[in-house]
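Enquirer:
Right under this line is the structure:
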C-alpha cells in the first residue's frame, strides 16, 4: 500500500509500505476513506517530537471501512464504516476506567506517533472495540473526520474544562483550527459573548462567521485593554488558550476575571510565568488536558441532530495521493486561508 | 479602649484608642472575648502590605459578645455570643450571591487591614448579619476562634478546591498553622494517605500526631524521589501548597500525578514558573482562592458534633494585654513550637 | 391606587386600595409598569390555596420603577427600573446563603400570596436589595417580565435539575407556558432532540416553532410507544413534568431511560404512584423544586445577548385596568391560544 | 465440583456439578477461596425471581484464585488472587464507558442469576479484565469479600447518591447488612449525625458500635416525631432507604428536610406512594441505582489504608460445604444476630 512516511526532520515521502496485519486479537485493520493533517503532524515533520522514528507512518485522524478484525473484537465487523479516534483506549486499565483514555496504560496518543498512523491506505487500530466509533449509513463521512481529534480536543480541553455556562463571557486565544473547534463547541452552552483573539485577520473574519461575537487582533490592538473595556473591567469567565506559547498563556492570566477559568489546549514547549502574586487571591482555576475523546459519542449526536456542522472547518480537499501537496497547503495555512484539509482515498 | 496598633514597619503598640461606634445601620459592635494572631499580621507588621496605614488596629479573627447592633441588623442582638469571620460579606452584591464573599464589592478581607480589626477590646463589624455566626450556650469559645479564618482557609482553599476524595493520596507542602488546618479538614474525606512536607522537625512530628500518615523533611530529604517511591511513581492526587514561595509551588508541580490537583493556599509575593512543557498533557487542575468563609456553618457543625477538634491548633495562651509578648512568641514559632496563640480579654 | 383583589373563591375585583408604604428599612415601593397573570393566580382565584385571605392583592410578576426605598436599601434608588422576582430573599438566612431563596426564612414565595402582590399600580417589595434586579436603559421591559417567574422556573426546576446536556434526548410533558419556558431554556444546552407532549394541537404547533424537534399528542397517540420508537427503546435522558397531575408524572416514569432524570416543575395537589418495582434498579434521579430565582442574573445575560427571546411567550396584551378581561382570556388559554398576557400600566 | 444449586422455590442442594470451562476468550475460571450469602439469594430461593431457572448455581460474591484465563484476558494470569465483582462489565458498551456497569449490555448483574455463580468450588467469570480486581499479597481476603457487593452497594446507592457531606445529618432506614454498609461508608464524609432506624434492637446496638450517633426503634417509637425533635424540626439532609418496602420509603419521604436527598438502596417489589402534594416544593432529590461497582478500586484503597474495616460485617464463619447450614443461619438473621456469613473453601 501507499503511505506518508517520516524520514527524519524535514523529510517525508508518499511511498510503498507493507499493508498492516492483525497483530493482537483486539486489533482491527481499516481501509482509510478520508484522513486529514493536524498541526501536530507539522511538528513531527520538523523534528520537534524526536521520539518519532524514521520510517513511521504519520496521521491520527480519519474515517474508514473495517477490512478485518481480530478474534476478540466484538463491537465491529468487516464492512463497518468507522470513525478512528486519535486516542487509543484499552478499556481495561485504571485510567480508561476513569474515562482518562489519554493516559491509557497501553494506548493514549500513539497513532502516527509511536505506531503507524492514518495517512495511508490502511491502518492497524489496536483495541478496536474502544478506539473506533460506528458511522451509520447515510452519514456525511467527511464531516465526521473532525470527530477524530479536533472537535473533542476543542470541546474537552477548552469548553468542558473551561466550564462554559449560559450567559458567560468566553475569550479564545488563537483562531487556528483548534481555537475554531473550541468556538464551535462553546456555543453548545450558549455563552453571551465569545471573543476571539488572533494575529491573522482572515482567521478572525472566519471566527466571526462561525459565531464569535467580538474579535481582537493582538498584532495591532491592546488585548487586555480592549478586553477589559468589553467586560466593564471584570475580565472573562473563561479564557481558552489555543496556541501553546508563553505569551498567549500569560495573556489568559491577564484577562481572566475573579472566579474564572483558564483552560489550556495548546501544546507547550516551554515553561510559562504564572503570576501567583496577583492570581493567588483571585479564585482562579487553571486546567490542562490531553484530549480523552470520551465525548466523541456526545459530539456525534450533536452532528447527527444538526446542532454542530463540522464541515465548516474544512477549507481544502485533495486526493489521498496528493498528500505532499496537501501538506504544502496546510504548512502555509495563513496564506492559503486553510483550516482543515481533507484527503480522500 | 486598648488596642494593638500598627505604626509603620516594625512598629506596633498596645495603646488607648476610641471605642468603636455604629456607623451604618448594618454594623455591630463586638466586645472581644478571645482573639489570635495570623501569619498575615506578621507580614503587615513588617510592612509587606503597604496599603495598611499608620494607626490601623490589626487582627481579623476572634469571638466576642455583641455590645450593640445597628437598626438594620436582624440576625443578632445585644448579648449574643458570636464568631467573627475574617471576611466581611454584604450579602447582596453579585459576588456574595455567588458565595464568593472574598470578593464582596463592599467587604471581602478588610478587617484589620482596610478597617480596624479584632486585636482590641472592641471592634466594629460591618454587615453583621452576613459576617458573624452565632455561638450557642455551652460551646467552647476558644476552639471557635479557629473558625474565623484558619480552618475555613485550609478547608476551602486546600481541601475543597483540591477535591480530596476517599482513598486519595494527598500531599501538603508546609506544616505551619494553615497546613495543619488543611491536614485536619482533609480527614473529613478519608484520604488513604496524607503526606506532610516541611523543613521543621517539630512541625512534622505535630503533623503525625494530627493524622499525617507520612512526613518528608524537605531540608534533608529529596521530596520528589521519596514521594514517587511512596506512590509507585504515580504522584499524588492532590498537592496542597501552604507556604507561598516559588520553590514550594514548583514542588507541587513536580509531585502531582496525572489527573491530579494543585490547590494553592499560600500568599505569594512573586510569580512562579509553571512547567507547561510537561503539565500541558497531564490533565492537571490548579486552583487559587482567597477564603470565602462560606463553609463556616459546615465547619461549626463538625466542631459541635466532635468530628473536628480545633483546639489542637492552640499551643500558647495569653491575656489580651500581653499581646506584645504573644507576637514575640508567634514570630519565633519554630523555636517556641507555636501554632496558634490565644489571647483572652 | 387600583389593584386586583381576591374576595374568596370565584370573586375578584379591580378596585381602590391604599397605596403601599415602606414598613421596614429593607423595603422598596415600586410603581408597576408591566405585570402578567400566572397559572397559580387562577388556582388562587378558584380557592385552591385557602391560605390566601379575602382582600389580598394578587400577582407575583412584573417590572416597574422604584418609587421609594427604605433606609437600609443600598442596591437601588428612586427612579431605577427593576425586575421584580416572584421569590423574596432576605439574603441572610441559612437558606438564602445556600442559594435556596425559595425557602428563605422570611421570604420565599409570599408575593401576591401571603402579602399584597403586583397586579396593582404599586407594590411593596420586602428585602428589595435581594429581591429586585436592575433593568439597564434601553432594555425591552416587556420581555423582562418573563424573568420574574416563568423563565427561572422552567430553567431551574426543569432544565438545570434535569441536567440537560449536549446531544441529549429531552421530553417535556405539558406545553403550557411553563413547559414552553423549559423548552426555550433547554436549548441553552443543545440537546439533540426535544419532544413535546400535550393534548392541545395548537400548543404543540407553537412548541414546534419554538424549537421542539418532535411532538406527541397524548390525547390521540400512545405516548410511551411513540417515545420508545423515537429513542430505539431507550427512553429519554430527561423527562420534564410541567403539568402537575398523577397521570403526567407517571408518564415521565414510563418514558425515562436508564440513568435518566425526571425533573418536576408541576404543582401537585395529590400523591402519585412511584413505580419503584421497576425504577429501583434503573439509576434514575427525580427532583422537585420551588423556583429559587438564583439564575435570574444568568437568564438576564442570555436575554441581553439575544440568545433567548422571552417575548415569544407573550400572546396577548392589555392595559392594566383591563385586567378582568385579561383574566378571562388567560382562563380560556386553549380557546384563546394564550401563553402569557402582558398588562401595561 | 460441588456447588449450591437452585431447584425451584424452596429447594436447594449442595451437589456435584461439572467444573466450568472457558467459553469465550475474555473469560476466567476462578477457584473460590471464600464466598458469602446475600439477601437477594434468599429471595431467589423463595422463588421471588422467577427468571432464575432450575439447576442454576447461586451466589455473586467472593474471592478466589485464577485457575485459567481466556486468550484475550490481559490484566490477570493463573495464580492471581482476585475479588469477584457482583457486576459483570464488558468494558466496551455504551453503559460501561459511562461507568454504569450495572446496565452493561452483555453483563450487569448476571452472576448467580442468569449464569452460574460463586457458591461453588469454581466459577466462570465473563469479561474477566473488567469484572475482577487484584488482591495483593498479604491482604486480608476475608475482609475483601465485602467488596464484591455489599460495600459498593451501600456506598454507591446510599452514600454517593445521597451526597453525604461533612456536618450533615443522615438517617438510614434499615440496619441490616446493607444499611450497615451504608453506615460504615457514610463515615468517609464525616457527617455530624447518623441516625439508624430499625425494628431489631440487636441491629440497632450493632449500629451504635459501628458509628451511629442515634438509633430509633421504629417498632416502639414514633420515627417522624423523634427525628424532627433531633433535627429541630428540619428533617435530615439525606435519608437512605435500605429495606425495600413502601412503608420504609414513605418514612424517608416524611423525614427528609428541605433541599435533602432520598437515596434508595432497597429492592422493591411494589410501587410506593410519592407525596408530591408536599414534596413538589421542597427541593428534594430522589435516586435509585443498581450498584455499578465503579467504586471498588476506591473502596479497596480505604480498606488497605485501614480507613474502613469490612470485617466488622462478618458475624459467622462456615466451611464451604456447610453452606446449607450457613443459609439456615442467614435466613434467621435476627435470631442468630447475623450480618454477613463467610464460607471458606
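Protein chains in written order, with this note's numbering: chain B, 357 to 701; chain H, 357 to 701; chain L, 357 to 701; chain D, 357 to 701. Where is the CB? At the ideal position from N, CA and C, for every residue including glycine. Since the structure is predicted, the reported quantities are computational estimates derived from the model, not experimental observations.
Within its chain, find whatever has a CB closer than 6 Å to the CB of residue 446 of chain L; leave out the 5 residues flanking it on each side and keep chain order.
Expert: Against the third chain, residue 446 of chain L aligns to sequence position 90. Taken in chain order, the residues that qualify are 452, 460, 462, 463 and 483.
Enquirer: Rank L:419, L:467 and L:576 by C-alpha distance to the C-alpha of residue 560 of chain L and give the top, closest one.
Expert: Along the third chain, one-based indexing puts residue 560 of chain L at 204. Selected option, being the one with the closest Cα: L:576.
Enquirer: List, in order along the chain, the chain B residues whose C-beta lies closer than 7 Å to that of residue 523 of chain L?
Expert: For the purposes of this step, residue 523 of chain L is taken as the residue at position 167 of the third chain. Correct list: 654, 657 and 658.
Enquirer: Taking only the alpha-carbon atoms, compute the straight-line gap between residue 644 of chain H and residue 611 of chain B and give it to the nearest angstrom.
Expert: Translated into positions along the second chain, residue 644 of chain H becomes position 288. Translated into positions along the first chain, residue 611 of chain B becomes position 255. Using only the alpha carbons, I get a separation of about 16 Å.
Enquirer: Where does residue 617 of chain B sit, in a helix, a strand or coil, going by DSSP?
Expert: Numbered from 1 along the first chain, position 261 holds the residue referred to as residue 617 of chain B. Residue 617 of chain B: strand per DSSP, three-state reduction.
Enquirer: Is there at least one Cβ from chain B nearer than 9 Å to residue 664 of chain L's Cβ?
Expert: Along the third chain, read from residue 1 onward, the residue named residue 664 of chain L stands at position 308. Yes - at least one Cβ of chain B is within 9 Å of the one on residue 664 of chain L.
Enquirer: So which residues on chain L does residue 544 of chain B lean against when the C-beta distance must stay under 8 Å?
Expert: Counting from 1 along the first chain, the entry for residue 544 of chain B is found at position 188. Near residue 544 of chain B (Cβ distances below 8 Å), the residues of chain L are 522, 545 and 546.
Enquirer: Threshold first: 4 residues or longer. Then list the alpha helix (DSSP H) segments lying entirely within the segment 647-679 of chain H, N to C.
Expert: 652-660, all fully within the segment 647-679 of chain H.
Enquirer: Cβ closer than 8 Å: which chain H residues qualify as neighbours of residue 549 of chain D?
Expert: Along the fourth chain, one-based indexing puts residue 549 of chain D at 193. Within 8 Å Cβ-Cβ: 661.
Enquirer: Pick from L:489, L:586, L:485 and L:362: whose alpha carbon is nearest that of residue 380 of chain L?
Expert: For the purposes of this step, residue 380 of chain L is taken as residue 24 along the third chain, with counting starting at 1. Residue L:485 is the option with its Cα nearest to residue 380 of chain L.
Enquirer: Chain C partners of residue 416 of chain H, CB-CB under 9 Å?
Expert: Chain labels in this structure do not include chain C; the protein chains are B, H, L and D.
Enquirer: According to DSSP, what are the bridge partners of residue 437 of chain H?
Expert: Taking the first residue of the second chain as position 1, residue 437 of chain H is located at position 81. Per DSSP, H:421.
Enquirer: By the three-class DSSP mapping on this structure, what secondary structure does residue 480 of chain D have?
Expert: Position 124 of the fourth chain holds residue 480 of chain D. Note: residue 480 of chain D maps to strand in three-state DSSP.
Enquirer: Between the segment 503-514 of chain B and chain H, which residues of the former have a C-beta closer than 8 Å to a C-beta of the latter?
Expert: Here the close residues number zero.
Enquirer: Looking only at its chain, what residues have a beta carbon closer than 8 Å to the beta carbon of residue 389 of chain H, apart from the 5 residues adjacent to it on each side?
Expert: Against the second chain, residue 389 of chain H aligns to sequence position 33. Only 418, 419, 420, 421, 437, 497, 700 and 701 meet the Cβ criterion.
Enquirer: Just tell me which of H:536, H:473, H:368 and H:647 has its CA closest to the CA of residue 638 of chain B.
Expert: Counted from its first residue, the first chain places residue 638 of chain B at position 282. Residue H:647 is the option with its Cα nearest to residue 638 of chain B.
Enquirer: Within the continuous beta strand (DSSP E) that includes residue 629 of chain B, where are the two ends?
Expert: For this step, residue 629 of chain B is matched to residue 273 along the first chain. Here the beta strand (DSSP E) through residue 629 of chain B covers 628-630.
Enquirer: Going along the chain, which residues of the segment 628-650 of chain B sit with their C-beta nearer than 7 Å to a C-beta in chain H?
Expert: So the close ones are 628, 629, 630, 631, 632, 633, 635, 636, 637, 638, 639, 640, 641, 642, 643, 644, 645 and 646.
Enquirer: Is the CB-CB distance between residue 411 of chain L and residue 361 of chain L below 9 Å?
Expert: As a first step, residue 411 of chain L is located in the third chain; it is residue number 55 there, counting from the start. As a first step, residue 361 of chain L is located in the third chain; it is residue number 5 there, counting from the start. For residue 411 of chain L and residue 361 of chain L, yes; Cβs fall inside 9 Å.
Enquirer: Using a 10 Å radius around the Cβ and a threshold of 16 neighbouring Cβ atoms, would you call residue 557 of chain D buried or exposed?
Expert: Mapped onto the fourth chain, residue 557 of chain D falls at position 201. It is exposed - the Cβ of residue 557 of chain D has fewer than 16 other Cβ atoms within 10 Å.
Enquirer: Would you call the segment 547-557 of chain H and the segment 514-531 of chain H touching, i.e. three or more CB-CB distances under 8 Å?
Expert: Taking 8 Å as the limit for Cβ pairs, the verdict is that the segment 514-531 of chain H does touch the segment 547-557 of chain H.
Enquirer: Residue 623 of chain D touches chain L at which residues, Cβ-Cβ below 7 Å?
Expert: The residue labelled residue 623 of chain D in the question sits at position 267 within the fourth chain. What residue 623 of chain D touches in chain L: 636.
Enquirer: Hey, could you find the ends of the alpha helix (DSSP H) residue 542 of chain H is sitting in?
Expert: Working through the second chain from its first residue, we reach residue 542 of chain H at position 186. Taken as a continuous stretch (DSSP letters only), the alpha helix (DSSP H) holding residue 542 of chain H covers 533-542.
Enquirer: List the residues of chain D that residue 448 of chain B touches, going by C-beta distances under 8 Å, in chain order.
Expert: For the purposes of this step, residue 448 of chain B is taken as the residue at position 92 of the first chain. Here the neighbours are 430, 431, 447, 485 and 486.
Enquirer: Determine the DSSP secondary structure at residue 695 of chain D, reduced to helix, strand or coil.
Expert: Your numbering for residue 695 of chain D matches position 339 in the fourth chain. Coil at residue 695 of chain D, not helix or strand.
Enquirer: In chain D, what lies closer than 7 Å to residue 462 of chain L by C-beta?
Expert: Against the third chain, residue 462 of chain L aligns to sequence position 106. Those within 7 Å of residue 462 of chain L in chain D number zero; the least Cβ separation is about 15 Å.
Enquirer: Let me see if you follow: with CB-CB separation under 9 Å, is residue 608 of chain H close to chain L or not?
Expert: By 1-based counting over the second chain, the position of residue 608 of chain H is 252. Answer no: the Cβ-Cβ gap between residue 608 of chain H and chain L never drops below 9 Å.
Enquirer: Between residue 518 of chain H and chain L, is any beta-carbon pair separated by less than 9 Å?
Expert: The count along the second chain starts at 1 and reaches residue 518 of chain H at position 162. No, no contact with chain L.
Enquirer: Does the beta carbon of residue 594 of chain D come closer than 9 Å to any beta carbon on chain H?
Expert: Walking along the fourth chain from the start, residue 594 of chain D turns up at place 238. No, because no Cβ of chain H sits closer than 9 Å to the Cβ of residue 594 of chain D.
Enquirer: Assuming contact is defined by CB atoms lying nearer than 9 Å, are residue 671 of chain H and residue 502 of chain H in contact in what I supplied?
Expert: Numbered from 1 along the second chain, position 315 holds the residue referred to as residue 671 of chain H. Numbered from 1 along the second chain, position 146 holds the residue referred to as residue 502 of chain H. No, the pair does not count as a contact, with Cβ atoms beyond the cut-off.
Enquirer: Taking only three categories from DSSP, how would you classify residue 473 of chain L?
Expert: Locating residue 473 of chain L in the third chain gives position 117, counting from the first residue. Three-state result, residue 473 of chain L: coil.
Enquirer: For residue 409 of chain H and residue 397 of chain H, what's the separation of their Cα atoms in angstroms?
Expert: Here residue 409 of chain H corresponds to residue number 53 of the second chain, with the count starting at 1. Here residue 397 of chain H corresponds to residue number 41 of the second chain, with the count starting at 1. Residue 409 of chain H and residue 397 of chain H: Cα-Cα distance of roughly 13 Å.
Enquirer: Around the C-beta of residue 581 of chain L, are 16 or more other C-beta atoms found within 10 angstroms, so that it is buried, or is it exposed?
Expert: For this step, residue 581 of chain L is matched to residue 225 along the third chain. By the neighbour-count rule (16 or more Cβ atoms within 10 Å), residue 581 of chain L is not buried but exposed.
Enquirer: Would you check if the distance between the CB atom of residue 507 of chain L and the CB atom of residue 695 of chain L is smaller than 9 Å?
Expert: Counting from 1 along the third chain, the entry for residue 507 of chain L is found at position 151. Counting from 1 along the third chain, the entry for residue 695 of chain L is found at position 339. Result no, Cβ atoms of residue 507 of chain L and residue 695 of chain L do not sit closer than 9 Å.
Enquirer: So who's on the other strand from residue 573 of chain B, going by DSSP bridges?
Expert: As a working mapping, residue 573 of chain B is identified with position 217 in the first chain. Answer is B:554.
Enquirer: Given a threshold of 16 other Cβ atoms within 10 Å of its Cβ, counted over all protein chains shown, does residue 680 of chain L qualify as buried or as exposed?
Expert: Within the third chain, residue 680 of chain L is the residue found at index 324, counting from 1. So residue 680 of chain L counts as exposed.
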